[in-house]
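Visitor: I'd like to ask you about the structure that follows.
Residue numbers (this note's numbering): 35 to 336.
Okay, here's the thing in structure tokens:
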């Protein structure tokens with residue numbers, strides 16, 4: 035990839051000093067050739083006690099995947115650790131490795147290296163830009179600053195808010211990654227549960243972004259988008275939105291074929307393939323048991 039200068043990709047927001055100043059966040063304007071919905075420059079302070087905890091750093095996210103976008107990163111200085119695929123393959127990236135792409139449906143997380151002798155500076159961007167429910171600057175600003183405030187005890191954790199934020203970015207957690215017999219249920223079940231929390235949050239008046247973490251201009255854009263989405267939903271015939279991995283409250287995310295592919299990949303080497311349902315990938319008996327459990331849980335919540 036072409037190396038861009040600060041003139042090509044200037045800082046448009048930040049720096050934000052998060053997690054007791056162990057993590058510095060800046061947003062850059064991505065060059066059009068990246069086809070990115072967001073570009074972040076992140077710095078981990080190597081001598082900070084939190085960074086010396088490695089995978090236990092509070093900013094290190096749980097294992098997750100994205101349905102419609104790739105998450106790309108490039109280390110500019112130092113090194114960063116990643117855990118990828120259902121096989122939980124660990125890798126340490128340095129500037130010599132160049133850009134690294136984590137494709138949709140590939141489970142992953144990342145973390146600072148505990149024994150680093152210099153700060154880690156990295157670029158992270160999400161691509162493509164022309165998809166629905168993108169990870170953008172407003173999403174990352176809200177999510178990262180909010181969780182940092184919770185860690186620093188400046189805010190109280192609201193799981194409904196977190197689930198709603200994640201849901202509108204087409205992101206799902208991955209549970210029991212090495213339990214290959216579960217197949218796509220490893221993300222499908224967390225996605226469904228997340229959807230319930232997100233729907234409950236909306237009913238309780240929550241929005242995907244929080245006004246306190248959003249600029250006035252961006253907040254007006256958020257409200258406008260919510261208004262347009264509500265109008266589209268109201269004008270659609272019954273059932274028109276039923277084409278995502280979850281169509282709760284008329285919110286469509288990705289096509290059903292796309293949503294049900296690739297999650298049985300154990301190593302991340304094979305390309306995802308469409309599947310009409312996650313259930314054929316496990317035994318019929320186990321499928322019936324799990325389906326019954328999920329339906330019972332949903333009925334209980336309702």
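No residue lacks a Cβ here, since even glycine has one placed at the ideal position from N, Cα and C. A quick note: this is a predicted structure, and the numbers were derived from the prediction, not measured.
Closer than 8 Å is the cut-off here; do at least three beta carbon pairs connect the region 99-109 with the region 192-202?
Guide: Segments in contact, no.
Visitor: Under a three-way DSSP split, which group does residue 303 fall into?
Guide: Working through the chain shown from its first residue, we reach residue 303 at position 269. Residue confidence is low: residue 303 scores 39 on pLDDT, short of 50, so the model does not pin down where it sits. No coordinate-derived value is stated.
Visitor: I need the DSSP call for residue 171, collapsed to helix, strand or coil.
Guide: Residue 171 sits at position 137 when you count from the first residue of the chain shown. In the structure shown, residue 171 sits in a helix (DSSP, three-state: H, G or I).
Visitor: Tell whether a beta-carbon distance below 8 Å holds between residue 147 and residue 117.
Guide: Looking up residue 147 in the chain shown gives position 113. Looking up residue 117 in the chain shown gives position 83. No, Cβ-Cβ distance for residue 147 and residue 117 is not below 8 Å.
Visitor: Give the list of continuous alpha helix (DSSP H) stretches no shorter than 4 residues that lie fully inside the region 215-278.
Guide: Whole alpha helix (DSSP H) segments, 4+ residues: 219-237, 250-269.
Visitor: Whole-angstrom Cβ separation of residue 243 and residue 176, contact assumed at under 8 Å?
Guide: Along the chain shown, one-based indexing puts residue 243 at 209. Along the chain shown, one-based indexing puts residue 176 at 142. Yes, residue 243 and residue 176 are in contact; Cβ-Cβ is about 5 Å, under 8 Å.
Visitor: With residue 117 as the anchor, note down where its alpha helix (DSSP H) starts and where it stops.
Guide: Counting from one through the chain shown, the residue named residue 117 turns up at place 83. Not the alpha helix (DSSP H): residue 117 falls in the beta strand (DSSP E), residues 114-118.
Visitor: Taking all protein chains shown into account, do 16 or more other C-beta atoms lie within 10 angstroms of the C-beta of residue 167, making it buried, or fewer, making it exposed?
Guide: Taking the first residue of the chain shown as position 1, residue 167 is located at position 133. Buried, by the Cβ-count rule.
Visitor: Would you mind working out which of 150, 138, 43, 46 sits nearest residue 221, comparing C-alpha positions?
Guide: As a first step, residue 221 must be located in the chain shown, where it is residue number 187. Per the Cα distances, 138.
Visitor: Measure the CB-CB distance between residue 93 and residue 50 and report whether it falls below 8 Å.
Guide: As a first step, residue 93 must be located in the chain shown, where it is residue number 59. As a first step, residue 50 must be located in the chain shown, where it is residue number 16. No, the Cβ-Cβ distance between residue 93 and residue 50 is not below 8 Å.
Visitor: Take residue 143 as the anchor and find which of 69, 155, 124, 149 has the nearest alpha-carbon.
Guide: Locating residue 143 in the chain shown gives position 109, where the first residue counts as 1. Taking only the C-alpha atoms, the option nearest residue 143 is 124.
Visitor: Over what stretch of residues does the beta strand (DSSP E) that includes residue 399 continue unbroken?
Guide: Residue coverage of the chain in this structure runs from 35 to 336, which leaves residue 399 outside it and unanswerable.
Visitor: Which same chain residues end up closer than 7 Å to residue 111 when comparing Cβ atoms and leaving out the 5 residues on each side of it in sequence?
Guide: Start at 1 with the first residue of the chain shown, and residue 111 comes out as number 77. The answer, listed in chain order, is 129, 152, 153, 154, 155.
Visitor: Using the Cα positions of residue 314 and residue 215, report the straight-line distance between them to the nearest angstrom.
Guide: Reading the chain shown from its first residue, position 280 is the one you call residue 314. Reading the chain shown from its first residue, position 181 is the one you call residue 215. Confidence at residue 314 is low in this model, with a pLDDT of 37, below 50, so its placement is unreliable and the value that follows should be read with caution. Cα to Cα, residue 314 sits roughly 10 Å from residue 215.
Visitor: Could you give the C-beta distance for residue 213 and residue 228, rounded to a whole number, given that I count them as a contact under 8 Å?
Guide: Here residue 213 refers to the residue found at position 179 of the chain shown. Here residue 228 refers to the residue found at position 194 of the chain shown. No, residue 213 and residue 228 are not in contact; Cβ-Cβ is about 19 Å, not under 8 Å.
Visitor: What span of residues does the alpha helix (DSSP H) with residue 111 cover, start to end?
Guide: In the chain shown, counting from the first residue as 1, residue 111 sits at position 77. First-last for residue 111: 104-111, but that is the beta strand (DSSP E), not the alpha helix (DSSP H).
Visitor: So, using beta-carbon positions, are residue 141 and residue 98 closer together than 8 Å?
Guide: For the purposes of this step, residue 141 is taken as the residue at position 107 of the chain shown. For the purposes of this step, residue 98 is taken as the residue at position 64 of the chain shown. Yes, the Cβ-Cβ distance between residue 141 and residue 98 is below 8 Å.
Visitor: Looking at residue 247: is its Cβ nearer than 8 Å to the Cβ of residue 181?
Guide: For the purposes of this step, residue 247 is taken as the residue at position 213 of the chain shown. For the purposes of this step, residue 181 is taken as the residue at position 147 of the chain shown. It is not a contact, given that the beta carbons lie outside the stated cut-off.
Visitor: Run the CB neighbour count on residue 261, radius 10 Å, all protein chains shown included, and call it buried at 16 or more, exposed below.
Guide: If you number the chain shown from 1, residue 261 lands on position 227. Flag for residue 261 reads exposed.
Visitor: How long is the line joining the alpha carbons of residue 256 and residue 249, rounded to whole angstroms?
Guide: Within the chain shown, residue 256 is the residue found at index 222, counting from 1. Within the chain shown, residue 249 is the residue found at index 215, counting from 1. Looking at the two C-alpha atoms, the distance is approximately 10 Å.
Visitor: Taking DSSP as the reference, what is the three-state secondary structure of residue 89?
Guide: Looking up residue 89 in the chain shown gives position 55. Residue 89: helix per DSSP, three-state reduction.
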